[in-house]
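Here is the structure we will look at, set down as structure tokens.
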Amino acid sequence: MTAQTPPTPSFRDRQLPFAKRIDDLLSRLTLDEKIGFLHQFAPAVERLGIDGFRTGQEALHGVAWMGPATVFPQAVGLGATWNTELVRRVGEAVSKETRAMRARDERVGLNVWAPTVNLLRHPLWGRNEEGYSEDPKLTSAIATAYTRGLRGDHPTYWRTAPVLKHWLAHNNETGRDVTSSSVRPRVLHEYDLRAFRETVEAGGTAGVMPAYNLVNGRPNHVSPYLREHLRTWTDEDLLVCSDAGAPSNLVDSEHYFDTHEEATAAALLAGVDSFTDHGTDSSKITARVRGALDRGLLTESDIDTAVRRQLSVRFRLGEFDPEYDPHALTKDFDTPAHRALAQEAAEQSVVLLKNSGGLLPLAPDTRLAVVGLLADECKLDWYSGTLIHRSTPLEGLYERFGAERVEFAEGVDRVLLKTSTGAFLHVPRAEAADEVRGAEGALDPALLAGRTDLPPLTTDPAGTEFALVDWGEGVLTLRAPDGRYLSVAEDGCVRASADQPGGWVVQETFRLEAHENGHLLRHMGTGRHVSVAADGVRVAEANPETFQLIVVESGEDAVTRITSQADVVLVVAGNDPHIHGRETEDRSTLNLPAHQERLLRAARAGNPNTVLALVSAYPYAVDHAALPALLWMSHGGQAAGTALARVLAGDVSPAGRLPQTWYAADTDLPDLLDYDVIGSRQTYLYFEGTPLFPFGHGLSYATFSYADLTTRTTDESLHVSFTVTNTGDVPADEVAQLYTRAVDPTVPRPRRELVAHSRVRLTPGERRELSFDVPLSAFDFWDVSRGGLRREPGPYEVLVGASSEDVRLRTTVILDGEASAPRPVLHRGLAAADFDEQSGIAIVDRTKTAGDAVTPAQGGSGRLIYRDCDFADGVTEVTAALSGDGVVEVSLDGGAVLAVLTSEAADDASPYDYATPRAGIIAEGVRDVHLRLRGPVRLAHVGFSG
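Next comes the structure, spelled out in structure tokens:
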């Protein structure tokens, strides 16, 4: 007899729709197998022929952490291109390299954690480099382009599956796992949700990652917004992946739940589908899920829902149809096209901020003095791959102008460190091979250890001369003559061993602390002081060495030596992406570090033709009055130096535009934790001061004229067209920007708001008509009095120009809409968080699962105003849902207190135990309600009757 071939299981039948195939596969998996799928590292199910799967491959501006790959400009630099088609091509290249790398290394994942769509609300945020813009429209446009490139254009199978980071209102590293972002409804709907919503609705997104922080008192990993908003924007099964360690934070640092079983169940029910916790060890998460099932906190159906979403992504990636996966044989890696694209992206990201007197572009025979700490660097950040190719500004200028026309002074302080015995720190000779951190790839680069194969530092009578750089606030790096940085490995020894500062905990930074007649040298990574022992130099708890700092040559002297004979001095300044402003560390100031200010002053003193090129992950407040030219670019990836040189030489006319406001001083900034962009007048949308450089700003070597503005309104959109002409004498790109403004709003609205833009290439004399269809929904705002979006009828200004402040054309259109109406407080009362104005108030969670309440910040006192409350023929009583201890005072139109509501909590009461005290009040007609809260009281709702 002939054995019959077993029938093909339905989940392998590509003729069936994915939904039916997933149903079949779910029915075949055991409960334990499904629970295993909930961890980031889902195990293989060998009996069904299913491979293991991991969520999470970092790919923010190239494939990260897995060794050599093409490195594109940082995300903020991609945002500065304002070029969606370019960014789509970058995403496409990154996804192709992801596929090519996976073909030879199964550790490389296809579920990519990118892009970051957090808005760059505050320029001191440490992760500014990861976002695209402070504006939700520009952010969503760039993010949509990147996700489309990552996904690919096949109708069925995705090249990679992008996950958006970090949901939601996440702009601080300081206390990021315990701080709560207080986000009023208008800010939530008009600002923070918009970038996510428009990107998800565009259809290229596989899911989102919740952020570490809390929003309105509730951790993002149990946010009801995942269900109430995110999952309503698309019919796709979105995969929600936790951030690393965040599930445990719900208990360990946030203390939001008493047990991990409760926390895990709550996160799963809120919509988290994949738990990134405890590295590759899934045992803790699976044990917590089983515990939650045993306690009745979860059902198998809840598990099925989460697993279904993961499987949906895996099917779309072609895992179950390998012979039909059109991306399976992708081998595009470090191709000439990718190298050219990296250069193009870097060139398009350069922003010319100032060019007085036409100093730029430089003439071909210019004699250059190039100085600065970033001049011969090609810096990588935490989410970079390892460089295959490398171009620094100095190398680019050598290549473009000739080495004989370029002189270089880095501007470091050359120092010796003298010990108390009179000997000097010395770097012994070493024969070990050079190593580049992360070159072999790592699933978690935070676990990479420092080198121990090199000899520790010693002392000798002559010593070694170190290059000292102060990166600000006294944080130093020390570099040996061979280019290696002093670093500390796990054995505590100090070695010249690191190619660059880096790592999750940077081991290459130090601080000099005045002590007696010298200095102690504190290692920042361990917090210990440097000590000289018989077996070498190390960090230790005891016996710190007292050093004399001997300056052999100051950075200023080195700069002065080469500047006076040059035609032009180029100062390249900026930041190291691993020091002062990175994941886990916010910046404290907008100012350029003092060391670099000294170099800039020395350069200007030696030569008035000084150009400042800032290469940084964020804005600076720089005094540019004495500078004829100023440029900015992010850390631009592998081709950054070539790109900058070509822009300086005029081979490329700069057309990058600022994706965020550059403020003039720290005093222009709100507190980092103040997320109320409306109330505190943040970003170009609301800022009323004078910025150093405005949102959208950027100059060109050409000039452009705008004309022929026309508008036409339909039932669904506003059609806007105008022409742009290159009136200069060089080919160049222009970024035409379209803004709108409500002329006579009844509530605070943006000063102007970007609704569309276009980057266009124009030859001299060329004229181009640009047309945009702006949906009328772009004019809506969130009306707290009705709990929904509303467009006010009346005049709106249409503004066209080259930046948010450089407006060339304007006209006014009249739009229909819904007129404002008083709040129907007799029918709905007042939801506490639906205020019009507040002072000293924080929004908190009404319950652990849903709803908002308000409370005085730090338990003090706070004020709330609710405008235009309609009491009709009158009320005689007011009630309030209160918890905690304190009082609520009620007044009308800012007058005398008319009612006092008191809350007294029992000793064992929780914050969610609400009472409803009552008080008499007489009110009629339309009035403004003023509330004053005193003490640690929570207010969820106010009602009126009579």
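In terms of the numbering used here, the sequence shown is residues 31 to 976.
Heads up, the beta-carbon is just placed ideally off N, CA and C, and yes, glycines get one too.
Source: prediction; values computed, not measured.
Item, Value
"Beta-carbon spacing of residue 230, residue 190 below 8 Å", "no"
"Best match in 759, 922 and 64 for proximity to residue 338 [C-alpha to C-alpha]", "64"
"Runs of alpha helix (DSSP H) wholly within the stretch 319-388 (minimum 4 residues, chain order)", "330-346 and 366-379"
"In DSSP terms, what residue 663 is bridged to", "645"
"Beta-carbon proximity check, residue 307 vs residue 277, cutoff 8 Å", "yes"
"Residue burial classification, residue 430 (beta-carbon count within 10 angstroms, cutoff 16)", "buried"
"Beta bridge counterpart(s) of residue 867 as assigned by DSSP", "895"
"Neighbour-count burial assignment, residue 592, 16 or more Cβ in a 10 Å radius", "buried"
"Burial state of residue 386 (16 or more Cβ within 10 Å)", "exposed"
"Beta-carbon proximity of residue 378 to residue 637, cut-off 8 Å", "no"
"C-alpha distance - residue 9 paired with residue 701, whole-angstrom precision", "There is simply no residue 9 to check, as the chain begins at 31 and stops at 976 in what is shown."
"Closest Cα partner of residue 493 within the set 531, 506 and 444", "444"
"Cα-Cα separation, residue 141 to residue 182", "13 Å"
"Neighbourhood of residue 15 by C-beta distance below 8 Å, restricted to the same chain and skipping five residues each side", "An answer regarding residue 15 cannot be provided, because it is not within the stretch 31 to 976 covered by the chain."
"Strand pairing of residue 456, partner residues [DSSP]", "488"
"Residue closest to residue 78, alpha-carbon to alpha-carbon, out of 44, 107, 38 and 49", "38"
"Given residue 915 as reference, the closest of 526, 923 and 941 once Cα atoms are compared", "941"
"Whole-number beta carbon distance between residue 765 and residue 687, since they are thought to touch under 8 Å", "5 Å"
"Stretch pair the stretch 607-622 + the stretch 203-218: three plus CB contacts closer than 8 Å", "yes"
"7 Å Cβ shell around residue 283 - same chain, five flanking residues per side excluded", "207 and 208"
"Closest residue to residue 241 among 428, 156, 272 and 571 (Cα-Cα distance)", "272"
"Reduced DSSP secondary structure (H/G/I, E/B, other) of residue 809", "helix"
"Helix, strand or coil at residue 859 [DSSP, three-state]", "coil"
"Three-way DSSP call (helix, strand, coil) for residue 475 in this model", "helix"
"Three-state class that DSSP yields for residue 96 in the structure shown", "coil"
"Own chain, CB closer than 6 Å to residue 855, minus 5 neighbours either side, in chain order", "899 and 974"
"Residue 309 vs residue 92 beta-carbon contact at 8 Å", "no"
"Where residue 250 falls: helix, strand or coil (DSSP)", "helix"
"Straight-line gap, residue 948 to residue 932 (C-alpha atoms, nearest Å)", "9 Å"
"Classification of residue 354 by the beta-carbon crowding that lies within 10 angstroms, buried from 16 upward", "exposed"
"Proximity of residue 714 and residue 838 at Cβ, strictly below 8 Å", "no"
"Complete alpha helix (DSSP H) runs within the stretch 686-763 (minimum length 4 residues, chain order)", "713-716"
"For residue 442 and residue 585, believed in contact at Cβ under 8 Å, the rounded distance", "6 Å"
"Test item: CB-CB of residue 694 and residue 721 under 8 Å", "yes"
"Boundaries of the alpha helix (DSSP H) in which residue 62 is found, first to last residue", "61-66"
"Contact under 8 Å by Cβ, residue 373 with residue 647", "no"
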